[in-house]
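**Student:** In terms of our numbering, the sequence shown opens at residue 63 and continues consecutively.
Dropping the structure in here first, questions after.
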Amino acid sequence: MIEIMSLNHFFDKPKRSVMKSKNLFQIAIFAFVCLALATSCVKEGPMGLAGKDGEDGLDGKDGVDGNVTCIVCHTTAFKEAVISQYNVSQHAAGAATARSTSNQCAPCHSHEGFLEVTVTGKDTTWAGVAHPSNINCETCHSSHKSFDFKKDGPDYALRTTKAVDLMLYTDPTKVLDFGNNSNLCANCHQPRNSYRVPGESGETTYSITSSRFGPHHGTQATLLEGIGGYNVAGAVSYPGTKSHPHRTAGCISCHMGDYKDGAGGHTWKPSLANCKSCHSSAGSFDLNGVQTEVEKLVADLKTALISKGVLDASGNLTKPGGKTISATNPLVLPVQQAGAYWNYMTIVEDRSEGVHNPAYIKALLKNSIQALQ
Ligand code: HEC
Ligand code: HEC
Ligand code: HEC
Ligand code: HEC
Ligand code: HEC
Ligand code: HEC
């Protein structure tokens, strides 16, 4: 048991000499006898006035009292509930963990890689991980910052909650900071730096050098922030970055919280109960039909990309000269078309069907469709 072991450890005093402890023992016995004699002789008087109430403890972050004890979290029953939730999650399944034999993929797809980059601050690990393990408890949790929960709040021992230096941008000012524990998620659920966002340097044509062009694969954090798309001009104005209330809520408010009906907690499946804390009448994630609307817009954008010849009839990027796209055989497109495809992939990979940032996602889709007319 962690709690018992660690507490015993903390209360262990350095060993003293045998002589000294013998003396202490004798003094203790003597004191005890005196005390026993003294109390038995004194007649009990009336009870004194009740003392003043002690000061209230400070409240901890996230609803756990600041004076929280270790056993709030460190009991077998509590930990086993968390473990069984984790076991049904995609983090535990780790379908793409094996990719971590490449140093490009290891930071987000393996436990070992994530630990390395949280220390080095680099985008890749030094080498590939030969025997990578899945994301597990110790990937996201380390030991506590301190055990001073009264002062620091219960820190949940999260490995990092620092602002995230986004891989997609070379501009060092593009740092993402949700200001809460959801920063942890953004380290991995952000697009990789394989390609530049079209239009960023004001170019009019854009050269696609790989059939895999697009943001890879977790575009959730940037969309929540309201960035990462190609903001093509159009009829719909773009909401400001950091403007959507879902950004303030953060990943954890929707994807974690209390475990209920197979969702939330450490399953990381979004839970309808979490939505209801703000949208009390929500009956599904398709609130006000936003997911249905976004699905239709995504389909319309795909059709428009096919009719412009960016995609072939089966929805793949067209091959210039019939040959596979590469650095030597690039697909060169007007920036609006490359950008529209970038937006399409960004939103498909996000997989929230608009929920992460309804206003930004709809603006990107509608303006991209318009730009292809
Ligand atoms: C809010 C929940 C919470 C509270 C309260 C809490 N812990 Fe933890 N603790 C965790 C989590 C989460 C971890 C990391 C995952 C794990 O090892 O279970 C952890 C890890 C630890 C570890 C490292 C264990 C290891 O195997 O490396 C120690 C030691 C520890 N806690 C001791 C304490 C002590 C002592 C207290 C009380 C002063 C305490 N914890 C209170 C959640 C908590
Ligand atoms: C160390 C990197 C890393 C961190 C940190 C991380 N994730 Fe993930 N997450 C992944 C990877 C990789 C996958 C896909 C797993 C696979 O298929 O191998 C994933 C999968 C998921 C899924 C399931 C997607 C599906 O296919 O159903 C959700 C939801 C999710 N993460 C949410 C979160 C949230 C919320 C946080 C923060 C509390 C978080 N993740 C932190 C890397 C990470
Ligand atoms: C910045 C972090 C990050 C890096 C680096 C990264 N991935 Fe991923 N990858 C993710 C996340 C997060 C997911 C899960 C996204 C989701 O569920 O929406 C994912 C998902 C995947 C998937 C499943 C995709 C799907 O659509 O089912 C594959 C395959 C994959 N990654 C391969 C790779 C390869 C290969 C590399 C290295 C060349 C790599 N990843 C590098 C974060 C990363
Ligand atoms: C993908 C990252 C991630 C992984 C993997 C993970 N946790 Fe957590 N865990 C978190 C985050 C984030 C929180 C804080 C949630 C919040 O702020 O409400 C948390 C909170 C906790 C807490 C505090 C109590 C609670 O539920 O609110 C405990 C205990 C805990 N985790 C234990 C574990 C154990 C045990 C495992 C492995 C089975 C594990 N965690 C795996 C991210 C993770
Ligand atoms: C406002 C609530 C909300 C917030 C905030 C939020 N999500 Fe989501 N997320 C959802 C919903 C709803 C879905 C779509 C689930 C569905 O339709 O089945 C989703 C889908 C996903 C998916 C795809 C999962 C799947 O099963 O296909 C991943 C991965 C994900 N979110 C990660 C994140 C990360 C990482 C963050 C923070 C950067 C985040 N989400 C913030 C509600 C939210
Ligand atoms: C912390 C509070 C909070 C949580 C949690 C939350 N939302 Fe929201 N959401 C808002 C606010 C505020 C707005 C903007 C006002 C509005 O349109 O209702 C909004 C807007 C929306 C919109 C756009 C509505 C429209 O008509 O354009 C959708 C869709 C949505 N939320 C879905 C969800 C879903 C699904 C979940 C749970 C997975 C969720 N929200 C969780 C606060 C929240």
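Virtual Cβ for every residue (Gly too), placed ideally from N, Cα, C.
Keep in mind the model is a prediction, meaning the values are calculated, not measured.
(1) Assess contact between the stretch 186 to 197 and the stretch 162 to 169, defined as three or more Cβ pairs (one per stretch) separated by less than 8 Å. Is contact present?
(2) Is there at least one non-hydrogen atom of ligand 3 closer than 7 Å to the beta-carbon of C313?
(3) Grab me the residues of K385's own chain with a C-beta within less than 6 Å of its C-beta, minus the 5 sequence neighbours each way, in chain order.
(4) What does L395 pair with, by DSSP beta-bridge criteria?
(5) Taking the continuous alpha helix (DSSP H) assigned at S333, which residues delimit it?
(6) Determine the closest residue to G215 out of C132, G280 and S430, with distance taken between C-alpha atoms.
(7) Buried or exposed for A295, please, with buried defined as at least 16 other CB atoms from any protein chain shown within 10 angstroms of its CB.
(8) With distances taken between CB atoms, is the gap from H153 to N196 smaller than 8 Å?
(9) Determine the direct distance from the alpha carbon of W404 to that of L367, and round the result to whole angstroms.
(10) Mind listing, in chain order, the residues whose beta carbon lies closer than 6 Å to a non-hydrogen atom of ligand 2?
(11) Between the Cα of K141 and those of Y300, G327 and L177, spot the shortest distance and give me the residue it belongs to.
(12) For ligand 3, is there a heavy atom less than 7 Å away from the beta-carbon of C167?
(13) By alpha-carbon positions, which one of R258, T235 and R309 ends up nearest to C247?
(14) Give the single residue among Q432, K184, K331 and P301 whose Cα lies nearest to the Cα of P420.
(15) Cα separation between V360 and E287?
(16) Is any non-hydrogen atom of ligand 4 found closer than 7 Å to the C-beta of L349, if you look at the structure I gave you?
(17) Which residues in the same chain as M148 place their Cβ atom closer than 6 Å to its Cβ, once the five residues preceding and following it in sequence are excluded?
(18) Let me make sure I understand the geometry here. Which of D185, V181, N198 and G291 has the alpha-carbon closest to that of L426?
(19) Just how far apart, CA to CA, sit E357 and V372?
(20) Which same chain residues, not among the five before or five after Y321, have their C-beta less than 6 Å away from its C-beta?
(21) So which of A157, E411, A400 and S172 has the shortest CA-CA distance to I431?
(22) Can you grab the Cα-Cα spacing for the pair G377 / S272, in whole Å?
(23) Please report the residue range of the alpha helix (DSSP H) in which I289 lies.
(24) Kindly list the residues whose CB is nearer than 8 Å to the CB of S388, restricted to its own chain and excluding five residues on each side of it in sequence; keep chain order.
(25) Looking at ligand 3, does it come within less than 7 Å of S164, judged from the CB to the closest heavy atom?
(26) If the criterion is Cβ atoms closer than 8 Å, does the pair V231 and H306 meet it?
**Tutor:** The short version:
(1) yes
(2) no
(3) N391
(4) Y268
(5) Counting along the chain, S333 falls outside any alpha helix (DSSP H), and DSSP gives it neither H nor E.
(6) C132
(7) exposed
(8) yes
(9) 11 Å
(10) Q152, H153, G156, A157, A158, T159, C170, H171, F176, I197, T201, C202, L246, C247, N249, C250, H251, C313, I314, H317 and W330
(11) G327
(12) yes
(13) R309
(14) P301
(15) 20 Å
(16) no
(17) Checking the sequence shown, residue 148 turns out to be Tyr, not Met. Once the five neighbours on either side are set aside, the close Cβ partners of Y148 are A154 and H328.
(18) G291
(19) 20 Å
(20) Q147 and G327
(21) A400
(22) 15 Å
(23) Where I289 is concerned, there is no enclosing alpha helix (DSSP H), given that its DSSP letter is neither H nor E.
(24) T271 and S272
(25) yes
(26) Looking at the sequence itself, residue 231 is Tyr, so the reference to Val does not match. Contact flag unset, no.
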